[in-house]
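Number of protein chains: 2
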Amino acid sequence: MSFSEFNLIERFFVREMPARKDVALGIGDDCAILNVPEGQSLAVSMDTLVEGVHFLPNTSASDVAAKAMAVNLSDLAAAGAEPAWVTLSLSIPKVDMAWLQDFSDTFHDLLSHYGLQVVGGDTTRGPLSITLQVHGFVPESVALTRSGAEAGDLVCVTGPLGDASIGLQVAQQKLKAEGDIKQYLLDRYNRPKARVAAGIALRSRASAAIDISDGLLADLGHICSRSSVGAVINTEKLPISEAARKVTNEQSAMEHALSGGDDYELCFTVAEDDFRKVQSALESVGVACYEIGRITGKNGVRVIKDGETLENKKAGFDHFVVD
Amino acid sequence: MSFSEFNLIERFFVREMPARKDVALGIGDDCAILNVPEGQSLAVSMDTLVEGVHFLPNTSASDVAAKAMAVNLSDLAAAGAEPAWVTLSLSIPKVDMAWLQDFSDTFHDLLSHYGLQVVGGDTTRGPLSITLQVHGFVPESVALTRSGAEAGDLVCVTGPLGDASIGLQVAQQKLKAEGDIKQYLLDRYNRPKARVAAGIALRSRASAAIDISDGLLADLGHICSRSSVGAVINTEKLPISEAARKVTNEQSAMEHALSGGDDYELCFTVAEDDFRKVQSALESVGVACYEIGRITGKNGVRVIKDGETLENKKAGFDHFVVD
Chain A
34 MSFSEFNLIE RFFVREMPAR KDVALGIGDD CAILNVPEGQ SLAVSMDTLV
84 EGVHFLPNTS ASDVAAKAMA VNLSDLAAAG AEPAWVTLSL SIPKVDMAWL
134 QDFSDTFHDL LSHYGLQVVG GDTTRGPLSI TLQVHGFVPE SVALTRSGAE
184 AGDLVCVTGP LGDASIGLQV AQQKLKAEGD IKQYLLDRYN RPKARVAAGI
234 ALRSRASAAI DISDGLLADL GHICSRSSVG AVINTEKLPI SEAARKVTNE
284 QSAMEHALSG GDDYELCFTV AEDDFRKVQS ALESVGVACY EIGRITGKNG
334 VRVIKDGETL ENKKAGFDHF VVD
Chain B
34 MSFSEFNLIE RFFVREMPAR KDVALGIGDD CAILNVPEGQ SLAVSMDTLV
84 EGVHFLPNTS ASDVAAKAMA VNLSDLAAAG AEPAWVTLSL SIPKVDMAWL
134 QDFSDTFHDL LSHYGLQVVG GDTTRGPLSI TLQVHGFVPE SVALTRSGAE
184 AGDLVCVTGP LGDASIGLQV AQQKLKAEGD IKQYLLDRYN RPKARVAAGI
234 ALRSRASAAI DISDGLLADL GHICSRSSVG AVINTEKLPI SEAARKVTNE
284 QSAMEHALSG GDDYELCFTV AEDDFRKVQS ALESVGVACY EIGRITGKNG
334 VRVIKDGETL ENKKAGFDHF VVD
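Chains A and B supply the protein sequences, listed in that same order. If you're matching positions, the first sequence starts at 34 in this note's numbering and goes up one per residue. If you're matching positions, the second sequence starts at 34 in this note's numbering and goes up one per residue.
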């Protein structure tokens, strides 16, 4: 059975859903024609996941869809933007109806959950990879960026760190885990949750924000270089899950928390005086807030354990360097 | 030498250029923050080119860049939109500095030519493929779509048809060509020109439009199905280049003109009374206008040669069906 590109998109990715009013023309023409609401800027981000690079071969279609969506929505979260539209380029080695059904079922569950609409896309024959572009709305004056951190600000994260890279090692059978603990860690790697509501709650409150995709040190490093500041992290304050503690030792859990990628928690900075307000704003959307360190005037990210600075050679995860 | 994803985008795709005023925040943060001018809708389109599917292996980096850009800008042209921003996801098997330099040089020449700005992107390790999303502006009320054709309208195209698929056969050494003729045909396949100025000139004037990527019959078929009409094409009126006539016979040139993909000329419909106005609007931007048939009340696209209807089994080019 063969399908034209047009039919694949129409068949699997356009379903009965309440159409968004800001979509004047959706899928099925040369372009989508879209209207950004007055007073809002458009936040966009594009990310690609390649089988064997960003997810393991034989990852379920549902997990691939969940991860592709989370990775992209996480960028909107880091900007404090409200999700609106998505475009999808799917490269698949062959037309596997069951795979497409599973992928698109999960994809649609997430569209419904976030009120997103698919407005364009392309399917091509090729090695399995998924490129999404997400589009969201945020008033320009309250958009979160990487560049507003100031010396003295607190450094915070929205959830436990290191779970995803530990989950990858569990999936690769480099670490052993069983039952609920195993499932929790695998889900943290395969089905991360984008902190969309948290990002919106942080508008006008956080001084800078980023999502942790490449590891805390690397991503906090991006905040520091864009803000021309440094940072100090206290390892004792790093939030580490019970599951992570159970499948690995303290030293390894700490290294995963510092350098492991793919957690998709937000890392943000906030003036000390605003901390309580931020904490309660996050609490109101059911998201935790862990203070883990402080922004400094000096360059670079320093890690303190038991009062001493650690050497950190692993600056984070890089798809071109690490296999 | 290895490069992080961040550095690849920064190094090759962000260059000294006059920044667009509608870009509040460009590359280098989690999202770009963009402002659509008042009174304008946003037109977006995403297309992927995969080596071995959409272009031949060993196509030059410059040709790959030119084609990727043209294929995407052609969708904006078909909507009558003015190009503004582009995002780029580049999947490359390895970091080849010379290839990246050539690719990005051509890419930047085209950015400058169209006044486009790169506002986001991603580089990943994987088989060579390029996904672009283009973003343009058009007032909603004058955007061109596939759905406005009416019985009696004339069917027109903006340039010779079939050159690109003949060029592909020349590249594959299935057809022989020499000198300027060879170069012309190869360029028509590898470096098509998006009819951006023509699309803008057709605003409010054409009743429907599409770009010819999958072949005239398939793409005119999309206009017909979206407009609930049919069409009749007269083969004698098909614009066929001198080069095409020289390297193949009349019958084959006609088949390429009807079913060959990748020409990226616009096919549009226009009320008979508006034809002269459209012709001179296109002339003023240096683009030809060939009337090749007429919209009818019946479904389907019929092809007439010497007064008789041809059977057309080849409905056009489909990347999942045709190799």
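Ideal Cβ positions, reconstructed from N, Cα and C, are used throughout, including at glycine.
Among the residues of its own chain, which have a CB less than 7 Å from the CB of F301 of chain A, if the five just before and after it don't count? C189, L235, A239, A241 and A242
Might you give, ordered along the chain, the residues of its own chain that have their beta carbon closer than 6 Å to the beta carbon of S274 of chain B, omitting 5 neighbours on each side? P193 and D196
Can you tell which of B:V86, B:T157 and B:D296 has its C-alpha closest to the C-alpha of A227 of chain B? B:D296
Residues near M287 of chain A in its chain [Cβ-Cβ closer than 7 Å; skip 5 each side]: T268 and L271
What first and last residue would you give for the alpha helix (DSSP H) that runs through L54 of chain B? First, the residue type needs correcting, since residue 54 of chain B is Lys and not Leu in the sequence shown. That residue, K54 of chain B, is in no alpha helix (DSSP H); it is neither H nor E in DSSP.
If contacts are defined as beta-carbon pairs under 8 Å, then D80 of chain B and L165 of chain B qualify, I think. What distance do you get, rounded to the angstrom? 6 Å
Keeping to the same chain, check which residues put their C-beta closer than 7 Å to that of L67 of chain A; ignore five residues upstream and five downstream. D55, V56, A57, W118 and V152
Counting only runs of 4+ residues fully inside the region 190 to 244 of chain B, write out the alpha helix (DSSP H) ranges in chain order. 196 to 204, 212 to 223 and 229 to 235
For chain B, check one thing: does any of its Cβ atoms lie closer than 8 Å to the Cβ of S198 of chain A? no
Output yes or no for whether 8 Å exceeds the beta carbon distance between A231 of chain B and L315 of chain B. yes
Cβ-based neighbour list, K215 of chain A, same chain, cut-off 7 Å, excluding 5 preceding and 5 following: V203
How long is the line joining the alpha carbons of F36 of chain A and L82 of chain B, rounded to whole angstroms? For F36 of chain A, the predicted structure reports a pLDDT of 42, less than 50, and the residue's modelled location is therefore unreliable. The matter cannot be settled from this model.
For A98 of chain A, would you say it is in contact with chain B, using Cβ-to-Cβ distances shorter than 8 Å as the test? no
Check each candidate in A:D339, A:H168, A:A94 and A:P126 and name the one with the smallest Cα separation from A110 of chain A. A:H168
Who are the Cβ neighbours of T329 of chain B in its own chain at under 8 Å, not counting the five residues just before and after it? A184, V262, G263, A264, V265 and R335
Enumerate, from N- to C-terminal direction, the unbroken alpha helix (DSSP H) stretches of 4 or more residues contained entirely within the region 76 to 160 of chain B. 94 to 112 and 130 to 147
Is it buried or exposed for M102 of chain A, if we count other Cβ within 10 angstroms and need 16 for buried? buried
Alpha helix (DSSP H) segments (min. 4 residues) lying fully within the region 262 to 318 of chain B: 275 to 280, 283 to 292 and 308 to 317
In angstroms, rounded to a whole number, what distance separates the CA positions of L201 of chain A and R224 of chain A? 12 Å
Please identify the residue among B:P70, B:A94, B:D252 and B:A131 whose C-alpha is closest to the C-alpha of S162 of chain B. B:A94
Range covered by the alpha helix (DSSP H) that runs through I256 of chain B: L249 to S260
By Cβ distance, which residues of its chain are closer than 7 Å to V318 of chain B, with the 5 residues on each side in sequence left out? A230, A231 and A234
Between which two residues does the beta strand (DSSP E) harbouring T342 of chain A extend? E341 to L343
Using a C-beta cutoff of 8 Å, does T302 of chain A count as contacting chain B? no
Alpha carbons only, please: which of B:S246, B:G254, B:A277 and B:S237 is nearest the one belonging to L218 of chain B? B:A277
Is there a C-beta anywhere in chain A that falls below 8 Å from the one on N369 of chain B? Residue numbering for chain B in the displayed model covers 34 to 356; residue 369 of chain B lies beyond these limits and cannot be assessed.
Which residues does DSSP pair with R327 of chain B in a beta bridge? B:L187 and B:V265
Taking beta-carbon pairs under 8 Å, can you tell me which members of the region 128 to 162 of chain A lie near chain B? V128, V152, G153, G154, D155, T157, R158, G159, P160 and S162
Residues near F140 of chain A by beta carbon distance below 6 Å, same chain, minus five either side: A98
Using 10 angstroms around the beta-carbon of S198 of chain B, count the other beta-carbons present and answer buried if the total reaches 16, otherwise exposed. buried
Considering only the alpha carbon of each residue, which of A:R158, A:S137, A:Q205 and A:K279 lies closest to G85 of chain B? A:R158
Less than 8 Å between the beta carbons of Q205 of chain A and G59 of chain A, yes or no? no
Please report the distance separating the alpha-carbon of G326 of chain B from that of L177 of chain B. 19 Å
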